[in-house]
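Chains A and B supply the protein sequences, listed in that same order. Counting from 1 along the first sequence, just add 172 to a position and that's the residue number in the working numbering. Counting from 1 along the second sequence, just add 65 to a position and that's the residue number in the working numbering. We put the CB at the ideal spot given by N, CA and C, even for glycine. The structure displayed is predicted, hence computed values, not measured ones. What follows is a short report on a single structure.
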Amino acid sequence: MSRNANELESAATLVSRIVSGEAAAEAELVDRYKRGVTVILMRAAGQRSTAEDLLQDTFRLTLEKIRRGDLREPERLSGFICNIARNLATAHFRRASRQEPLEAQTPLSADSDDDPLQRLLAAEKAAIVRRVLGELPSSRDRDVLYRFYLADQDKEQICLQLGLSSLHFNRVLFRARERYKELYGKLLREQHDGVR
Amino acid sequence: MDDVYIQEHEIVSQYAVGKLDSADRVEFEDHLVDCPKCLDELELTDDFRYTLRSLESQRERPIDTRPASAGRPAVFQRRVVAILAAASVIVIGVVSFAFICENRGIERQLDQARTEASTWERRYYAEHQARTNAESQVRETPVVSAPLFTLNLTRSASLGTETPSTAVSISRQVKFIILSLELPNDADFQSYRATLTDAAGTNVWSTDDVVPATSGGLALILPASVIRAGKYVLTIEGRHGGQYSIAGSYSFLATQLN
Numbered sequence: 173m174s175r176n177a178n179e180l181e182s183a184a185t186l187v188s189r190i191v192s193g194e195a196a197a198e199a200e201l202v203d204r205y206k207r208g209v210t211v212i213l214m215r216a217a218g219q220r221s222t223a224e225d226l227l228q229d230t231f232r233l234t235l236e237k238i239r240r241g242d243l244r245e246p247e248r249l250s251g252f253i254c255n256i257a258r259n260l261a262t263a264h265f266r267r268a269s270r271q272e273p274l275e276a277q278t279p280l281s282a283d284s285d286d287d288p289l290q291r292l293l294a295a296e297k298a299a300i301v302r303r304v305l306g307e308l309p310s311s312r313d314r315d316v317l318y319r320f321y322l323a324d325q326d327k328e329q330i331c332l333q334l335g336l337s338s339l340h341f342n343r344v345l346f347r348a349r350e351r352y353k354e355l356y357g358k359l360l361r362e363q364h365d366g367v368r
Numbered sequence: 066m067d068d069v070y071i072q073e074h075e076i077v078s079q080y081a082v083g084k085l086d087s088a089d090r091v092e093f094e095d096h097l098v099d100c101p102k103c104l105d106e107l108e109l110t111d112d113f114r115y116t117l118r119s120l121e122s123q124r125e126r127p128i129d130t131r132p133a134s135a136g137r138p139a140v141f142q143r144r145v146v147a148i149l150a151a152a153s154v155i156v157i158g159v160v161s162f163a164f165i166c167e168n169r170g171i172e173r174q175l176d177q178a179r180t181e182a183s184t185w186e187r188r189y190y191a192e193h194q195a196r197t198n199a200e201s202q203v204r205e206t207p208v209v210s211a212p213l214f215t216l217n218l219t220r221s222a223s224l225g226t227e228t229p230s231t232a233v234s235i236s237r238q239v240k241f242i243i244l245s246l247e248l249p250n251d252a253d254f255q256s257y258r259a260t261l262t263d264a265a266g267t268n269v270w271s272t273d274d275v276v277p278a279t280s281g282g283l284a285l286i287l288p289a290s291v292i293r294a295g296k297y298v299l300t301i302e303g304r305h306g307g308q309y310s311i312a313g314s315y316s317f318l319a320t321q322l323n
């Protein structure tokens with residue numbers, strides 16, 4: 173995975189500052205990587221509460237190892253943090269499977285359905301998705317989205333069954349996502365303007 | 066794996082549904098953890114997917130994602146499955162009664178259940194035969210009995226006073242016709258849509274997402290019922306990159322045979 177020189181330099185500088193004992197650099201590291209590590213742990217753990225516990229442990233362990241000088245290639249800071257997070261998640265599930273049955277995974281969305289505002293937002297998002305589906309040029313494109321996102325079919329399987337090229341498949345996903353982004357962004361702006 | 070590769074191969078979407086292999090997943094996560102753009106895109110993809118799932122769960126019938134197969138009468142399949150399930154339940158009930166019942170009242174009930182089971186069996190075989198016949202009909206009818214007409218590209222096709230040079234004569238018994246068109250050589254379109262317009266300027270039939278044959282021509286199957294005697298123009302538009310543009314026009318004069 174190629175990264176530009178500025179990003180690598182900033183990771184190396186951050187590590188160097190942490191090693192020299194700068195507290196602000198530690199807070200900066202957590203701030204910079206918190207969102208990404210949360211995403212990875214949510215997928216590994218499946219539950220928000222478990223992911224949050226593992227998140228704390230990840231950063232605690234990361235900073236301990238950096239201070240000890242265990243990170244020999246500072247420009248590989250991202251991979252270093254991810255490895256710690258993944259290893260902690262694996263160890264957690266090994267312990268949990270020995271003790272008691274794993275709890276069922278929560279749905280992908282982190283939104284709470286109990287909040288009336290969240291329900292309203294969910295309804296508006298549903299209207300946007302319906303519009304995106306309706307604007308697709310053919311029923312075959314809608315079929316692509318359903319098969320890939322809901323029916324758990326592989327891209328190759330879908331392309332073979334529907335007679336699509338890989339390029340067309342990617343284009344359908346890209347256009348649907350971009351259109352959803354456009355309409356959802358417009359919704360948020362309208363809501364923000366309405367509040368003001 | 067750089068940003069260009071990630072975008073071109075829809076890596077974010079593949080990761081969102083858990084379709085990356087372990088090596089790619091690790092490599093992508095190492096990138097993702099420090100890439101706000103990819104994190105935004107992943108969040109948006111998850112959002113879209115979750116909302117789509119919610120919409121699907123509210124539908125009365127789930128979306129059919131079985132492999133596309135033309136002409137399978139779904140209603141016969143569902144009926145056959147329902148009949149099989151009912152016959153199985155009754156047969157199991159009959160066998161169970163045979164082991165535990167001794168007195169005459171229960172034996173009478175057993176006989177009645179046997180009668181009902183064989184009735185279900187006869188219905189199942191009848192429905193199965195009807196389904197087989199319907200499948201053969203669907204496979205055979207549109208192609209075997211449909212006449213084919215070849216249309217020529219007309220440079221300035223219109224519904225004016227000129228009589229088109231191509232004539233299409235349709236028998237009243239025919240249910241479908243096939244129009245065979247030669248496409249312009251310089252076309253570079255991914256698919257086509259076709260619109261048939263009558264002399265009054267009314268669109269009487271259309272179709273889209275038509276893919277040309279390997280020979281470079283286009284074959285359109287349409288119901289004969291949409292065509293009456295008179296002039297028609299068939300307009301073909303090619304799709305390239307989401308936009309449509311005129312690929313060709315084909316005019317013809319339709320007449321009906323008795």
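Presumed contact (8 Å Cβ cut-off) between residue i and residue j, rounded CB distance
i              : j              : result
A257 (chain A) : L226 (chain A) : 7 Å
P212 (chain B) : K296 (chain B) : At roughly 19 Å, the Cβ-Cβ gap does not stay under 8 Å, so P212 (chain B) and K296 (chain B) are not in contact.
H74 (chain B)  : N342 (chain A) : 7 Å
S271 (chain B) : A259 (chain B) : 6 Å
P277 (chain B) : L248 (chain B) : 6 Å
CB contact flag (residue i, residue j, <8 Å)
i              : j              : result
I155 (chain B) : W185 (chain B) : yes
R349 (chain A) : T110 (chain B) : yes
D273 (chain B) : S310 (chain A) : yes
L322 (chain A) : V344 (chain A) : no
A197 (chain A) : L186 (chain A) : yes
A312 (chain B) : G303 (chain B) : yes
D105 (chain B) : K297 (chain A) : no
A232 (chain B) : T300 (chain B) : no
T215 (chain B) : S245 (chain B) : yes
V269 (chain B) : V239 (chain B) : no
V211 (chain A) : L283 (chain B) : no
A217 (chain A) : A184 (chain A) : no
Y205 (chain A) : I238 (chain A) : no
L360 (chain A) : I300 (chain A) : no
Pairwise C-alpha distance: residue j and residue i
i              : j              : result
S119 (chain B) : V82 (chain B)  : 16 Å
A150 (chain B) : R179 (chain B) : 16 Å
R302 (chain A) : Q290 (chain A) : 18 Å
F48 (chain B)  : V298 (chain B) : This structure does not reach residue 48 (chain B), given that chain B is present from 66 up to 323, and the question cannot be answered.
L85 (chain B)  : F93 (chain B)  : 9 Å
G251 (chain A) : R319 (chain A) : 32 Å
G208 (chain A) : V69 (chain B)  : 20 Å
S161 (chain B) : A182 (chain B) : 14 Å
L339 (chain A) : D253 (chain B) : 16 Å
A199 (chain A) : V191 (chain A) : 13 Å
P101 (chain B) : R215 (chain A) : 17 Å
A294 (chain A) : L117 (chain B) : 11 Å
Q363 (chain A) : K353 (chain A) : 15 Å
D99 (chain B)  : V91 (chain B)  : 13 Å
P207 (chain B) : R144 (chain B) : Note that P207 (chain B) has pLDDT 43, beneath the 50 cutoff, so the model's placement of it is unreliable and the number below is only indicative. The straight-line gap from Cα to Cα measures roughly 25 Å.
I286 (chain B) : T222 (chain A) : 58 Å
I235 (chain B) : L292 (chain A) : 56 Å
F346 (chain A) : R240 (chain A) : 44 Å
I243 (chain B) : L261 (chain B) : 13 Å
S378 (chain B) : F164 (chain B) : Lying before the first or after the last residue shown, residue 378 (chain B) is absent from chain B, which here runs from 66 to 323.
L280 (chain A) : Y115 (chain B) : At L280 (chain A), the pLDDT of 45 sits below 50, so the modelled position is not reliable; the number obtained from the coordinates is stated separately. L280 (chain A) and Y115 (chain B): Cα-Cα distance of roughly 7 Å.
Q329 (chain A) : R314 (chain A) : 16 Å
D203 (chain A) : E307 (chain A) : 39 Å
L97 (chain B)  : D89 (chain B)  : 12 Å
V77 (chain B)  : R312 (chain A) : 22 Å
Y356 (chain A) : N217 (chain B) : 47 Å
S188 (chain A) : R267 (chain A) : 35 Å
E172 (chain B) : R187 (chain B) : 23 Å
Sheet register partners of residue i (DSSP bridge)
i              : result
K358 (chain B) : Beyond the ends of chain B as shown, which are 66 and 323, falls residue 358 (chain B); an answer cannot be given.
P288 (chain B) : B:F241
D263 (chain B) : B:Y297
T228 (chain B) : Bridge partners of T228 (chain B): none, in fact.
N259 (chain A) : Answer by DSSP bridge pairing: none, since N259 (chain A) is not bridged.
H74 (chain B)  : Its beta-bridge partners do not exist; DSSP assigns none.
E247 (chain B) : B:G282
R304 (chain B) : B:S256, B:Y309
A234 (chain B) : Residue 234 (chain B) is actually Ser in this sequence, not Ala. Answer is B:T320.
F214 (chain B) : B:L244
N53 (chain B)  : Because chain B spans 66 through 323 in this model, residue 53 (chain B) falls outside it and cannot be assessed.
Distance cut-off 7 Å: residue i Cβ against heavy atoms of the ligand MN
i              : result
K353 (chain A) : Ligands in the displayed structure: none, and consequently the ligand MN is not present.
message: At 4 residues or longer, what runs of the alpha helix (DSSP H) sit wholly inside the stretch 295 to 355 of chain A?
response: Counting only runs of 4 or more residues that sit fully inside the stretch 295 to 355 of chain A, the alpha helix (DSSP H) segments are 311 to 317, 327 to 334, in chain order.
- prompt: In the stretch 186 to 239 of chain A, which residue ranges form an unbroken alpha helix (DSSP H) of at least 4 residues, counting only runs that do not cross its ends?
  reply: Runs of the alpha helix (DSSP H) lying entirely within the stretch 186 to 239 of chain A and spanning at least 4 residues, in chain order: 195 to 217.
task: Report the residue ranges of all alpha helix (DSSP H) runs contained in full by the stretch 75 to 120 of chain B; include only those spanning at least 4 residues, in chain order.
output: Counting whole runs of 4 or more residues, the stretch 75 to 120 of chain B contains the alpha helix (DSSP H) stretches 76 to 81, 87 to 97.
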